[in-house]
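With our numbering, letter number 209 in the sequence shown gets 212, and the count goes up by one each step, no holes. Reading through the structure tokens given below for one structure.
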Amino acid sequence: MRVRNKPWASEFLQENRHIAIAQPSELKGKWKEFFGNSNPIHIEVGTGKGQFLSGMAKANPDINYLGIELFQSVMVIAVQKVIDAEVDNLKLLNVDAAVLTDIFEDGEVDRLYLNFSDPWPKKRHEKRRLTYKTFLGLYERLLVKGGEIHFKTDNQGLFEFSLRSFSEYGMLLTFVSLDLHQSDFEGNIMTEYEEKFSNKGQRIYRSEAKFQN
Ligand code: SAM
């Protein structure tokens, strides 16, 4: 996601530390305690501007959500969405997916969402795809046994790669739609990218895959 650098971003995040958590590794193993309840924890990796998770947090007050976003300049927009949505079950972490196991204890997360992840179409960049086997290895550690990855994309190449990657990893595919918006799937909450691409007439792919550990 290309967003112009925002010099005020770190100050804004500083002012909103109740939403943009400053030292998330200090909460490793303590996320339930932090939220003050025993509700499930669902995370989205590559949250972007936060439309999906703020919609999910409003629709599901009994689930705690954490959005992981690499860029501060993007995350400030998500923080503003959380403020506007007035939800206290959604917090944001400005970290790289590569360090997720520094943030979460093994089995601490109940579900993981990937929405419109960067496709990295060149073969030499495939290790950067968030559904590459090394990322699946990280997700498997932090997810509960039998935890699921719910994935949406407009990119056919990334979708095919990801289905293969889930399957080769030994995950069980429990849902696959090759055209989500024409399917009978209920309760879909659109992401920013999903709105943008479906408005252009592109179809949206969706899958659910479960670790079998
Ligand atoms: N999920 C949003 C949506 O569907 O509208 C945003 C999609 S955007 C194409 C991908 C987002 O993932 C960007 O905001 C990018 O900064 C973030 N991202 C990419 N690699 C990441 C990583 N390794 N860790 C955390 N976030 C990452």
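Glycine included, C-beta positions come from ideal geometry on N, C-alpha and C.
query, result
"Please indicate yes or no: does the CB of K52 lie closer than 8 angstroms to some heavy atom of the ligand SAM?", "yes"
"Could you tell me if the beta carbon of D121 falls within a distance shorter than 8 angstroms of some heavy atom in the ligand SAM?", "yes"
"Cutting at 8 angstroms between CB atoms, please list the residues of its own chain near M174, excluding the five before and the five after it.", "L139, I152, A212, K213, F214 and Q215"
"Taking 8 angstroms as the cut-off, is the CB of A100 close to at least one heavy atom of the ligand SAM?", "yes"
"To which residues does DSSP link V112 through a beta bridge?", "L146"
"Mapping DSSP to helix, strand and coil, what is E1?", "In this structure the chain extends from 4 to 216, so residue 1 is not present and cannot be described."
"Along the chain, where does the alpha helix (DSSP H) that runs through A12 open and close?", "A12 to E18"
"Quick check on F3: does DSSP put it in helix, strand or coil?", "Within the shown structure, residues of the chain are numbered from 4 to 216, placing residue 3 beyond reach of any answer."
"Would you kindly work out how many angstroms separate the C-alpha atoms of H21 and L176, rounded to a whole number?", "36 angstroms"
"Using 8 angstroms as the cut-off, classify the Cβ of E189 as near or not near the heavy atoms of the ligand SAM, replying yes or no.", "no"
"Do the region 110–124 and the region 73–86 touch if we need at least three Cβ pairs shorter than 8 angstroms?", "no"
"Should Q54 go down as buried or exposed, given a rule of 16 or more other Cβ atoms within 10 Å for buried?", "buried"
"Could you tell me if the beta carbon of I71 falls within a distance shorter than 8 angstroms of some heavy atom in the ligand SAM?", "yes"
"Within the region 76–110, note down every full beta strand (DSSP E) run reaching 3 residues or more, in order along the chain.", "93–96"
"How about F154 and S201: are their beta carbons less than 9 angstroms apart?", "no"
"By a C-beta neighbour count over all protein chains shown, 10 Å radius and 16 as the cutoff for buried, is D157 buried or exposed?", "buried"
"Identify which residue in A62, L16 and L69 has its Cα closest to the Cα of L30.", "L69"
"How about L73 and V112: are their beta carbons less than 9 angstroms apart?", "no"
"Taking 8 angstroms as the line, does the beta carbon of T137 fall inside it for any heavy atom of the ligand SAM?", "no"
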